[in-house]
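Note that the sequence shown covers residues 1 to 186 in the UniProt record's numbering.
The C-beta atom is built at its ideal place from N, Cα and C for all residues, glycine as well.
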Amino acid sequence: LLPMVEAILAEAGLSLKQLDALAFGRGPGAFTGLRVATAMVQGLAFAVDLPVIPVSTLAALAQQGLREHQASRVLSAIDARMDEVYWGAFSESDGLMVPVASEIVAAPENVVVPSIDGHWFGMGTGWAFRNRMSATVMDCQVEVWPHARDVALLAAADFKQGKGLPSEQAMPVYLRDKVALKKSER
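As structure tokens, this is what we get:
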């Protein structure tokens, strides 16, 4: 990852010290990916004393839905494995997607759509379970993952509002507390 970071900075003609903050996808998502992203942003930010902006991966998917499909209401769903999905509902406000409900992890059948009028658009790998969800959407894009452009856009808005954190406070968000079954539970 470090050579990729160096290449992007070189392409932009910037050094790490010239940045105002660092953003990262804080989750929910795959355990290892979230740990790597968090460790990387903590190390880079600590090295040059930059604030860190954690961005929800579900919000980034919703922002991408607004950008690519002009969807003003997005239900983001990521396959959480173990027959569950990470789930979030977002609505557009001043060009940014904002949450209208808490992010959750649930079986596809237990996903609930907020009672807000209008059409919803689905974004994310969790929509592969569409036939099991009671949530209805006008359309969805399944083969899609959070994009850095959308993480950056959401992070910039949070940075302007003073929501930067010291590097040591950057933490991943898992949503799932239980990741394995005990022998007695299998």
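Buried or exposed: residue i, going by 16 or more other Cβ atoms within 10 Å of its Cβ?
i, result
"R26", "buried"
"A45", "buried"
"I8", "exposed"
"Q70", "exposed"
"V41", "buried"
"A59", "buried"
Starting from residue i, trace the beta strand (DSSP E) in both directions and tell me its first and last residue.
i, result
"V52", "V52 to S56"
"G122", "F121 to M123"
"Q141", "D139 to Q141"
In whole angstroms, what separates the C-alpha of residue i from that of residue j?
i, j, result
"M138", "V52", "36 Å"
"P99", "G124", "16 Å"
"Q18", "D49", "11 Å"
"R35", "A23", "14 Å"
"V74", "G65", "7 Å"
"A107", "L165", "32 Å"
"residue 187", "D20", "Any question about residue 187 goes unanswered here, given that the chain covers just 1 to 186."
"V151", "Y174", "17 Å"
"A157", "E103", "20 Å"
"Y86", "Q169", "23 Å"
"E84", "G13", "43 Å"
"A89", "W145", "16 Å"
"E92", "S15", "33 Å"
"C140", "W127", "7 Å"
"V55", "A155", "6 Å"
"G122", "L2", "33 Å"
"F129", "H147", "22 Å"
"E11", "M4", "11 Å"
"S184", "A37", "34 Å"
"M171", "M82", "23 Å"
"F159", "M97", "15 Å"
What is the residue span of the alpha helix (DSSP H) that residue i lies within?
i, result
"D150", "A148 to K160"
Curious, which full-length beta strand (DSSP E) runs of at least 3 residues does the UniProt domain "Gcp-like" (1 to 112) contain?
Whole beta strand (DSSP E) segments, 3+ residues: 22 to 27, 52 to 56, 73 to 81, 84 to 93, 96 to 99 and 104 to 106.
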